[in-house]
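Here is the structure we will look at.
Number of protein chains: 2
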Amino acid sequence: MKKVTINSVAQYAGVSKKTVSRVLNNEPNVSPATREKVLKVFKELDYRPNPIARGLARNKSFIIGCLYDNPSKSYITRVQSGALEACHKHNYNLLIHPCELRGEALIDNIDQLLTTSRLDGLVLTPPFSDSRELIDFLKQKNINYALVASAIQDDESISICSNDEQGAYELTEHLIALGHTDIAFIKGHPDHSATENRFNGYKRALEQHQIPLQERLVAEGNFSYHSGADSAKAILDMTPRPSAVFASNDYMAAAVLKLATQRQLRVPEDLSIAGFDNAPIARHIWPGLTTIAQPVEEMTRLAVEQLIMQISEPQEQVYQRVLEARLITRESTAKNH
Amino acid sequence: MKKVTINSVAQYAGVSKKTVSRVLNNEPNVSPATREKVLKVFKELDYRPNPIARGLARNKSFIIGCLYDNPSKSYITRVQSGALEACHKHNYNLLIHPCELRGEALIDNIDQLLTTSRLDGLVLTPPFSDSRELIDFLKQKNINYALVASAIQDDESISICSNDEQGAYELTEHLIALGHTDIAFIKGHPDHSATENRFNGYKRALEQHQIPLQERLVAEGNFSYHSGADSAKAILDMTPRPSAVFASNDYMAAAVLKLATQRQLRVPEDLSIAGFDNAPIARHIWPGLTTIAQPVEEMTRLAVEQLIMQISEPQEQVYQRVLEARLITRESTAKNH
DNA sequence: CAACATTATGACACCGGTGTCAGATGGAGG
DNA sequence: CCTCCATCTGACACCGGTGTCATAATGTTG
Numbered sequence: 001m002k003k004v005t006i007n008s009v010a011q012y013a014g015v016s017k018k019t020v021s022r023v024l025n026n027e028p029n030v031s032p033a034t035r036e037k038v039l040k041v042f043k044e045l046d047y048r049p050n051p052i053a054r055g056l057a058r059n060k061s062f063i064i065g066c067l068y069d070n071p072s073k074s075y076i077t078r079v080q081s082g083a084l085e086a087c088h089k090h091n092y093n094l095l096i097h098p099c100e101l102r103g104e105a106l107i108d109n110i111d112q113l114l115t116t117s118r119l120d121g122l123v124l125t126p127p128f129s130d131s132r133e134l135i136d137f138l139k140q141k142n143i144n145y146a147l148v149a150s151a152i153q154d155d156e157s158i159s160i161c162s163n164d165e166q167g168a169y170e171l172t173e174h175l176i177a178l179g180h181t182d183i184a185f186i187k188g189h190p191d192h193s194a195t196e197n198r199f200n201g202y203k204r205a206l207e208q209h210q211i212p213l214q215e216r217l218v219a220e221g222n223f224s225y226h227s228g229a230d231s232a233k234a235i236l237d238m239t240p241r242p243s244a245v246f247a248s249n250d251y252m253a254a255a256v257l258k259l260a261t262q263r264q265l266r267v268p269e270d271l272s273i274a275g276f277d278n279a280p281i282a283r284h285i286w287p288g289l290t291t292i293a294q295p296v297e298e299m300t301r302l303a304v305e306q307l308i309m310q311i312s313e314p315q316e317q318v319y320q321r322v323l324e325a326r327l328i329t330r331e332s333t334a335k336n337h
Numbered sequence: 001m002k003k004v005t006i007n008s009v010a011q012y013a014g015v016s017k018k019t020v021s022r023v024l025n026n027e028p029n030v031s032p033a034t035r036e037k038v039l040k041v042f043k044e045l046d047y048r049p050n051p052i053a054r055g056l057a058r059n060k061s062f063i064i065g066c067l068y069d070n071p072s073k074s075y076i077t078r079v080q081s082g083a084l085e086a087c088h089k090h091n092y093n094l095l096i097h098p099c100e101l102r103g104e105a106l107i108d109n110i111d112q113l114l115t116t117s118r119l120d121g122l123v124l125t126p127p128f129s130d131s132r133e134l135i136d137f138l139k140q141k142n143i144n145y146a147l148v149a150s151a152i153q154d155d156e157s158i159s160i161c162s163n164d165e166q167g168a169y170e171l172t173e174h175l176i177a178l179g180h181t182d183i184a185f186i187k188g189h190p191d192h193s194a195t196e197n198r199f200n201g202y203k204r205a206l207e208q209h210q211i212p213l214q215e216r217l218v219a220e221g222n223f224s225y226h227s228g229a230d231s232a233k234a235i236l237d238m239t240p241r242p243s244a245v246f247a248s249n250d251y252m253a254a255a256v257l258k259l260a261t262q263r264q265l266r267v268p269e270d271l272s273i274a275g276f277d278n279a280p281i282a283r284h285i286w287p288g289l290t291t292i293a294q295p296v297e298e299m300t301r302l303a304v305e306q307l308i309m310q311i312s313e314p315q316e317q318v319y320q321r322v323l324e325a326r327l328i329t330r331e332s333t334a335k336n337h
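So the protein sequences, as listed, match chains A and B. Throughout the first sequence, residue numbering follows UniProt numbering, covering 1 to 337 in sequence. Throughout the second sequence, residue numbering follows UniProt numbering, covering 1 to 337 in sequence.
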């Protein structure tokens with residue numbers, strides 16, 4: 001069981017190791033006969049190039065880093081899953097790096113990460129994808145990166161997002177169509193651009209239907225279940241109580257549902273509740289939550305694929321795209337009587 | 001902004017690069033004065049050794065792989081979090097590798113992973129940690145590994161688990177103490193050793209209290225929410241209906257709760273429900289689920305730490321440990337009337 | 001103080017690939 | 001048949017560290 005290196009392949013095939021390397025990397029200027037011969041030896045010896053040696057010679061690691069700071073486990077795993085798919089397709093690996101946006105020394109932390117791990121690129125997920133400071137740092141350091149679900153679309157950044165504003169608009173419109181006019185809204189974390197986008201969609205729908213925005217119905221949250229619980233308390237204590245609540249994500253919506261149920265309110269008869277994200281919890285509870293599904297895996301997959309392309313052959317034109325979100329209606333919303 | 005390599009450090013400090021290497025690795029046989037001098041240059045030049053070059057020279061990657069195939073996102077993120085903590089502490093990185101135990105070619109898949117990524121070790125989480133086939137393969141290939149939540153304790157394997165049997169025993173006893181005797185049980189996935197352990201705990205508690213085990217009350221699940229929903233239907237259709245349901249994890253318990261609520265059963269007045277794992281959903285729903293909390297992060301952290309120790313200095317005595325699980329009571333269980 | 005053991009240091013090859021460049025080979029054109 | 005150019009191919013240095021071993025410097029002993 002000896003190690004198969006490029007040297008043994010070269011010797012066995014009767015060519016120089018440089019020629020083997022050429023075949024390996026699909027470089028031109030290898031005669032078809034030689035290429036064939038070497039490829040055959042690859043199979044015979046079951047040769048697999050050592051990525052570490054390759055990395056050293058090319059100053060590459062074939063590793064993409066994924067930054068996140070998100071309370072939603074399901075969001076994180078969806079992001080990972082999309083990123084992994086793209087990585088594996090191109091023989092890259094994924095390094096996960098949870099860290100805090102508001103941490104004392106984010107830039108230092110990332111700098112450390114980059115120099116110790118020699119990452120070839122970074123995928124930034126919210127809220128990092130909206131951090132100007134971080135992005136400027138990466139630009140200055142000449143590190144390739146891709147933004148997921150970011151509001152930034154600046155011609156220099158690969159950026160894939162979904163249409164939060166439109167999603168929130170449709171969901172609000174759905175509630176309005178059910179006869180609701182007093183619709184409370186729970187905002188997300190202020191560091192995420194999704195927070196503002198979703199709120200804007202809500203406002204636009206109200207405006208469109210000539211329903212005045214009531215500031216009193218807008219609560220501050222931060223996407224965590226806990227913050228949803230706090231907002232839920234404030235909202236359910238209001239008089240008059242709104243007939244519907246639109247929370248900026250499903251966890252906060254679940255918190256509203258929990259409190260409402262505790263207080264013997266019937267959902268959706270007495271109170272309609274809607275969320276955002278289509279997290280697993282949205283269908284694990286009763287009644288199931290009406291929500292907006294986003295293509296998180298798809299977004300991340302595209303972002304990482306573009307990132308890898310950018311790494312292998314830097315391009316002038318950078319890829320940007322907005323994917324569609326879609327409304328999913330479940331039992332938690334119903335006609336206002 | 002030139003690159004700082006071991007050569008530049010050596011030159012700047014006026015020593016050979018081998019000496020720099022010695023200081024870097026805390027090797028003996030360097031005079032205190034020289035060591036001091038080199039360390040000072042490290043700081044001055046902000047030198048960070050290139051892990052790739054190091055890896056090539058030592059035939060190491062400083063990367064640990066983490067295998068999982070688990071429907072629970074929260075479990076996965078907890079595992080990752082524990083593993084990352086241990087990795088970062090020792091300057092390792094974590095590569096995540098979701099794959100299917102029942103996949104057509106698991107061994108090939110892992111073989112591929114190992115040769116292309118040159119991992120220094122693997123952490124196996126359930127159900128991989130119970131796969132004899134995989135473990136034998138790793139032994140034969142001389143790959144270091146650590147088992148998380150495995151039933152295997154064979155003196156050659158690092159193995160950290162928590163006491164599932166005891167946890168299930170305590171939870172069942174809790175239900176018995178509340179006056180329940182007809183306690184349905186939903187099993188987990190047959191590939192996980194936890195499934196049998198939890199079932200054994202349930203049986204032991206019944207036996208201890210002279211309650212005969214009723215086969216009709218035992219349903220097959222597989223830890224997924226969906227399987228829980230199927231079992232829930234079977235259980236709630238039974239006549240007479242049991243007064244309590246103990247599901248082998250919280251997702252399945254949540255499915256029981258959802259169906260019970262849909263059917264207008266009051267929980268816990270008409271039906272007590274308990275789960276296992278203390279997943280986030282257990283406290284995100286109403287009523288909150290009585291469950292068993294396991295130290296998942298702690299298990300994984302310990303496993304990875306031991307794994308890294310094993311890698312750096314192979315030891316005769318291998319580390320094994322059983323951590324305690326603990327009962328968490330919430331609103332979903334109450335006295336049987 | 002000679003003889004030897006111990007500690008400190010550096011020269012050099014090596015890990016397994018890739019980049020550069022010079023030289024070999026072969027076909028087209030005059 | 002010779003020149004010229006395009007296509008192949010390999011020798012060799014190099015990426016940034018580590019291992020081996022010889023040698024220099026220092027310490028210990030009789």
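Using N, Cα and C, we set each Cβ at its ideal position, and we do this for glycine too. No experiment lies behind these values; they were computed from the predicted model shown.
Residue from the options whose Cα sits closest to the Cα of residue i
{"i": "E173(A)", "options": "G65(A), K2(A), I328(A), E305(A)", "result": "I328(A)"}
{"i": "P242(A)", "options": "S8(A), K37(A), A260(A), L323(A)", "result": "A260(A)"}
{"i": "A247(A)", "options": "R54(A), T115(A), K187(A)", "result": "K187(A)"}
{"i": "N142(B)", "options": "I152(B), L119(B), S21(B)", "result": "L119(B)"}
{"i": "K89(B)", "options": "L302(B), E331(B), V318(B)", "result": "L302(B)"}
{"i": "D182(A)", "options": "S272(A), R204(A), L67(A), A105(A)", "result": "S272(A)"}
{"i": "V218(B)", "options": "L147(B), A229(B), F199(B)", "result": "F199(B)"}
{"i": "Y251(A)", "options": "I235(A), P126(A), R78(A), F276(A)", "result": "F276(A)"}
{"i": "E215(B)", "options": "F137(B), D270(B), I235(B)", "result": "I235(B)"}
{"i": "T34(B)", "options": "E44(B), A10(B), N50(B)", "result": "A10(B)"}
{"i": "E100(B)", "options": "R204(B), Q208(B), D108(B)", "result": "D108(B)"}
Range of the contiguous beta strand (DSSP E) that encloses residue i
{"i": "F246(B)", "result": "244-247"}
{"i": "I6(A)", "result": "No beta strand (DSSP E) contains I6(A), which is instead part of the alpha helix (DSSP H) from 6-13."}
{"i": "T291(B)", "result": "291-293"}
Straight-line gap, residue i to residue j (C-alpha atoms, nearest Å)
{"i": "A279(B)", "j": "Y75(B)", "result": "7 angstroms"}
{"i": "Q306(A)", "j": "E85(A)", "result": "13 angstroms"}
{"i": "K258(A)", "j": "P287(B)", "result": "8 angstroms"}
{"i": "H180(A)", "j": "D237(A)", "result": "18 angstroms"}
{"i": "R54(B)", "j": "L39(B)", "result": "19 angstroms"}
{"i": "P268(A)", "j": "I292(A)", "result": "17 angstroms"}
{"i": "S31(B)", "j": "A13(B)", "result": "14 angstroms"}
{"i": "P295(B)", "j": "E170(A)", "result": "42 angstroms"}
{"i": "H226(A)", "j": "I308(B)", "result": "36 angstroms"}
{"i": "S16(A)", "j": "S61(B)", "result": "27 angstroms"}
{"i": "Q42(B)", "j": "L24(B)", "result": "The amino acid at residue 42(B) is misidentified as Gln; the sequence shows Phe. Roughly 9 angstroms separates the two Cα atoms."}
{"i": "H97(B)", "j": "N222(B)", "result": "21 angstroms"}
{"i": "A325(B)", "j": "S157(B)", "result": "22 angstroms"}
{"i": "I311(A)", "j": "S8(B)", "result": "28 angstroms"}
{"i": "V256(A)", "j": "I281(B)", "result": "14 angstroms"}
{"i": "P71(A)", "j": "P126(B)", "result": "24 angstroms"}
Identified DSSP bridge partners for residue i
{"i": "P98(B)", "result": "Y68(B)"}
{"i": "Q320(A)", "result": "S159(A)"}
{"i": "L147(B)", "result": "L124(B), S159(B)"}
{"i": "F185(A)", "result": "V218(A), F246(A)"}
{"i": "I176(A)", "result": "DSSP, once it has assigned bridges, lists no residue as partnering I176(A)."}
{"i": "W93(A)", "result": "It is Asn, not Trp, that sits at residue 93(A) in the sequence shown. Partner(s): I63(A)."}
{"i": "I328(A)", "result": "T291(A)"}
Bounding residues of the alpha helix (DSSP H) (the contiguous stretch that carries residue i)
{"i": "A232(B)", "result": "225-236"}
{"i": "S312(A)", "result": "296-312"}
{"i": "T34(B)", "result": "32-45"}
{"i": "I107(A)", "result": "106-117"}
{"i": "N200(A)", "result": "193-208"}
{"i": "S21(A)", "result": "17-24"}
{"i": "R132(A)", "result": "132-141"}
To test your reading of the DSSP string, which unbroken beta strand (DSSP E) runs of 3 or more residues are found completely within the segment 261-289 of chain B? Correct list: 272-274.
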